[in-house]
Every structure is written in C-alpha cells, then in structure tokens.
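Read through the structure below, which is laid out as structure tokens, and then see the notes.
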Amino acid sequence: MSAEDETLALEKAESLARGAALKWASGVFCRPDQLKHLGQYRRRETQRNNSIQSRLKSALQSYLEGVDHGVAQLQVAFSEVRHVQQALREVQEIWWEGEGSLTKLQPISQLVMEHVQLSVAIQSLPYIYAVPKQIAETQELLESRHLLEAHVHLRELESLRDDVLYRLQKFRPSLDSTDDQPNTEAADLVQRFFAGVQGLSEDLGRTLSSLATSALEVARSDPSLLVSAIRIIEREEILDVEEFRGPVQQPWKPPGRPKHWREHFFQALEKGVWDRVMEPRLLWENLSAADIAKHLKELQGRVVEELQAMCFVLVPCVPPHYDLPRGVAFMCHQGIARHLRDILSHDLPHPALYHVLDWVTTVYTSEHMMGHPNFSSEIDVSELGPLIPPEMLEEQLNRYTRSIRACLSQWIHKALEVEFSDWLRDQEPDKDQDGFYLTTFQQIVMQMLMENVQLAAALGESLENRVKNAVLYEMQNCLVW
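If you want the working numbering, it's the 1-based position in the sequence shown plus 1.
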C-alpha cells in the first residue's frame, strides 16, 4: 500500500470516528439539563482512553520482546547449522580417505558371517541330532491318535527348522554381492534334512480332515478326539494370522505357511455332510414319479436328522464362533440346490415335476424340514435364499404347464374317442329317469380338470392361473372337436 493510500485510509477512519462521536454526543446531550454531566463524561472517556493506550503499549512491548527472542534463537540455530555443515564435510572427507580400507575389511566381514553361522550350527547340533528320533516319535503319536502330543512335537520341529532357516537368511551376503550360492546350498540342505517335518505336517492335516469328514461319528464315540483336533486347528490358525501380519519387508517366510487348516476342516465337513445326506444315490434308470417322491421324502428326513445331530452332538465340541448350525445349513442348502438342478435337467413327466416343485416351494421351508422347531432358533431360513433361481423356477412352472396341457389334450381326445365308440355300439346307451340318453363324459372331464387345478393351487396362485388357462383352452378345443 502506498503512502497516499495510507493517508486516505487514515483520513477516512478519522472521519468515521468523528461522525460516531458526534452521533453519540447528540444522543447523550439532547437536553440542556444534561450538560452539567459533561465533566463526568469527559473524565470517564479520558480514563478509558488511557486504559486502552496502556494495554496497546503492553501488547506492543510483549510482541517486540518475542521478536527479539526469536531473532536470537534464529542466530543460534544458524550458528549450529554452520557447525553441522562443517562436521559433515569433515566426515565426508574421512569417508573418502577410508573407502579403500573398508574394501579391505570385506573378507573379515565374510569371516564374521561364517563364524556366526557356524556358531549357530554348533549350538543347534544337539537338537539337530535328535530330529530323526523326534520325527519317529511324532509319527507314532500320530498313528496312535494322540493328536495334541503329536502337534506339540511337530511345533518343536517346525520351530527348530524355521529358526535355522531364518538365521541362514539373516546372515546371507549383502544384496550387492552375487556370491549367495553357499547360503542357497545351505538352505536346500536344511530343507532336505527337515523334509520329514513337512511330511508330518501333511499327515496331521489329512488326519484332521478325515476326522472332520466323519465328525458326527467321532463326536458320538470319542468327543475328546474331535475337541483335540479343533484345538490344533485353532492353534495353527493363530500362527497363520501372525505370519500374515508379519513385516511386509520380510523376504523370508516359513515353509508350509499358511496352512489354512480351518478352511480344509470346513471343506471336509461339507463333504461328510453331503455324503451322509445323499446316501443312497438316485438311479435314473426306469425312474418314476413315485420314485422321485420317495427320494425327496428320504432326502428330507436325512437333512433333518443331520441338522439335529449337528445341533445336539457336534456343536458342543466346536467354538461358538464357528457358527456350525448356520454353516451346515448352508452346506445342505447349496448341495440340495445342485442336486435339484441335476434332477430338473432330466426329462421328467409332469407328476414327477409336480413332486419336485411342491418340495421346493412348500416342503423345504416348512417346519417339517429347514424350519424344524428343534433347530429353528439356530437357523434362519430366510438367510438361505431360494433353492433354485427365480428364473429357473419360472421356467419349470412353464414346463409343467406345457406338460399338463399336452396330457389334458391327449386324455380328452382319448376319452372322446371312447365316448364316440360307445354311442356307435349295437347296445342302446344308458338313460336317466326321464328317458333321456345319459353320459358321464362331462362329469369325468370336469373332475379331472378340477383335480389338476387344485393340485396347481397348492403350489401358488401363479401356477394355478396358468393351469386354469390351460384347462379353458383344452375345454374349448374339446367343444369344437
């Protein structure tokens, strides 16, 4: 801002102040009797101005002292920076002078690294000599189903192997050096020596999966064995998580990690559940509607039995966070959905198709199956979702309607042919009480049509309307035939 602008601003401020003062005075001294208080107002305003000036002086003095202190600190800091720069230059000169000497120390550094490795190897020799014996003992414990003891031995062996490999990795040559072949050979040697440890881990994993597949039988006969298996899985899951949360920069990872034994447990459990639910298998040769209905009824009973057993036998053996009833319900739901899609992929007659649709829309979610009172508090049927997608259900309803229409047309035409042949017989047709000729054709046709409509109504209004339309269409065809 220029001096002229500052002068104009000051004049404007002074003019505003005078205007404000004049306005105040005209308001206070509007009557002659108020002039006697002029001295009092003058003293009060003088005191207030003195107070304001005193505070301004104090604030300005404090500000100036702070500026002086800051300037002094800046001077000290500038001096220290100059000293640091000088020291850094001296260090750089010393480094340049001693660079050749450091290169000469590289063999000593290599010897130190080898000495550390040899020291570690010597310290580990007693444990390494005992590895073959400990592997054999662990294998015996595993075969005798002493799982917790076997897992303790396995963890000791894995810890020893991982410690040796980590030390080899830790004291490897620098990244700038290309001579890392000795470390690679040493790591390969350690891996071959501890190959039996990895085999034990895989055997234990297979044993746990086998127990998960037959979890119900194990929970009934020896629940402590299943609990031991779950405890091992939880321990390994913690180790997997700890390894996953390790330093991102760490280039070395323990062999065989992560093991994902909990995931394998649920996969094996699902296989066992589905094997029990789907026994015996459905044979498609000469399969009738009654066979389909019987198969679905038996499947319903096995699913209810499986879920009841899970809730009352298996749930006490596993941690609550496994949420086993819900998990097994989803396993059954997904398996049944795949099985139904396989059934519907075949060319089913309409009675068999009706049994399947009735089972899907009515039986599955009822209290006789997934909504059974014995486990309804543990399983929310609404979370499971539909057994078959809505578009596939729509396709099957259309398929059933087409099949019903074809069967109705065929049956009505056959009934008309029989009726026509009856009227052409030499024998006189039956008569009613009034002497008119009598036929039961219309009662039989109407009864058959109403039965199909009633069956369709049990599966919902949508199918009922479709079947009604099919019935009306065939009745019209019958009248014009």
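Using N, Cα and C, we set each Cβ at its ideal position, and we do this for glycine too.
Beta-carbon gap between residue i and residue j smaller than 8 Å
i    : j    : result
F267 : P326 : no
L288 : A338 : no
G257 : T362 : no
I234 : R263 : yes
V274 : V219 : no
H1   : A290 : Limits of the chain in this structure are 2 at one end and 482 at the other, which puts residue 1 out of reach.
V165 : S222 : no
C333 : E307 : yes
L161 : A151 : no
A188 : L169 : yes
C318 : V228 : yes
L148 : L217 : no
P127 : I231 : no
W412 : M449 : yes
Q397 : L358 : yes
L354 : R400 : yes
A416 : V446 : yes
V304 : V278 : yes
M385 : M371 : The amino acid occupying residue 385 in the given sequence is Leu; Met does not appear at that position. Yes, the Cβ-Cβ distance between L385 and M371 is below 8 Å.
E237 : K254 : no
L464 : A457 : yes
R146 : L270 : no
Residue interval of the alpha helix (DSSP H) (run including residue i)
i    : result
L308 : A290 to A310
D1   : No information on residue 1 is available, as it lies outside the stretch 2 to 482 that the chain covers here.
H261 : No alpha helix (DSSP H) holds H261; DSSP gives it neither H nor E.
I389 : Counting along the chain, I389 falls outside any alpha helix (DSSP H), and DSSP gives it neither H nor E.
G461 : Neither: G461 is in no alpha helix (DSSP H) and is coded neither H nor E.
H334 : L325 to L345
L315 : No alpha helix (DSSP H) contains L315, which DSSP labels as neither H nor E.
P352 : H351 to D359
S3   : Here S3 belongs to no alpha helix (DSSP H), and DSSP marks it neither H nor E.
E379 : Where E379 is concerned, there is no enclosing alpha helix (DSSP H), given that its DSSP letter is neither H nor E.
Any non-hydrogen atom of the ligand FAD closer than 7 Å to residue i Cβ
i    : result
D276 : The model on display carries no ligand, and the ligand FAD is accordingly not part of it.
Contained alpha helix (DSSP H) runs [length at least 4] in the segment 97 to 178, N- to C-terminal order: Here the runs fully enclosed are 107 to 130, 132 to 144 and 148 to 171.
Touch test, the segment 298 to 305 against the segment 197 to 215, Cβ-Cβ under 8 Å, three pairs minimum: These segments do not touch.
At least 3 beta-carbon pairs within less than 8 Å: the segment 80 to 98 vs the segment 124 to 141: In short, these stretches do not touch, since the Cβ pair count stays below three.
Inter-stretch contact (C-beta, 8 Å, three-pair minimum) for the segment 379 to 393 and the segment 408 to 416: No, they do not touch.
Touch test, the segment 147 to 165 against the segment 199 to 206, Cβ-Cβ under 8 Å, three pairs minimum: Contact between the segment 147 to 165 and the segment 199 to 206 is present, because at least three Cβ pairs lie under 8 Å.
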